[in-house]
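>
In the working numbering, the protein residues as written are 10 to 188.
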């Protein structure tokens, strides 16, 4: 368990941060978080839409939003997207938020992958097969080392494979998972 807590804020109205450091991107607010599991770190995220991919590799990190309908972390990425070598990136490289550390917590926010599978399929002139474009688009990925994750009042939204819960233990309290 963490014995001390520090905090940073993202956005002008980040709740409960007072005179603590302010950041314009969530990823930038994660960078100063301690890697020592004895210290917790809370990031208060104000109301708004934050369009970025986020990787959480620090233990005992908490993302606190201004409300499920007020704070949204979102990105667009799908499994059929061509990677650097020209091959599709695959499902496991599509997550808006990827957690690889224990003790992660999130509350009062939405995490979404807004890839428009239906629109892409309609405009492709493709063969009409489900998944022919690699429609998997993960919103939240809890990787194997993401033990003891706790989400409270979090909405997860995507079209397909919204949640990849491959971590050890996870608790979802009063959450919504769509897609």
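All residues carry an ideal CB built from backbone N, CA and C; glycine is no exception.
Small disclaimer: the values here were computed from a predicted structure and weren't measured.
With DSSP collapsed to three states, give me the class of residue 127.
By 1-based counting over the chain shown, the position of residue 127 is 118. Residue state, collapsed to three classes: helix.
> Output the boundary residues of the beta strand (DSSP E) element that contains residue 114.
The residue you call residue 114 lines up with position 105 of the chain shown. Here the beta strand (DSSP E) through residue 114 covers 114 to 122.
> DSSP three-state call for residue 42: helix, strand or coil?
In the chain shown, residue 42 corresponds to position 33, counting from 1. Correct three-state label for residue 42: coil.
> Please classify residue 61 as buried or exposed, where buried requires at least 16 other C-beta atoms within 10 Å of its C-beta.
Translated into the one-based positions of the chain shown, residue 61 becomes position 52. Exposed, by the Cβ-count rule.
> Using 8 Å as the threshold, is the C-beta distance between residue 75 and residue 108 below it?
Taking the chain shown and counting its residues from 1, the one referred to as residue 75 is at position 66. Taking the chain shown and counting its residues from 1, the one referred to as residue 108 is at position 99. No, the pair does not count as a contact, with Cβ atoms beyond the cut-off.
> Is it true that the CB of residue 115 sits closer than 8 Å to the CB of residue 163?
Residue numbering aside, residue 163 sits at position 154 when the chain shown is read from its first letter. Residue numbering aside, residue 115 sits at position 106 when the chain shown is read from its first letter. Yes, they are a contact pair.
> DSSP three-state label for residue 147, please.
Taking the first residue of the chain shown as 1, we reach residue 147 at position 138. DSSP places residue 147 in coil when its eight states are reduced to three.
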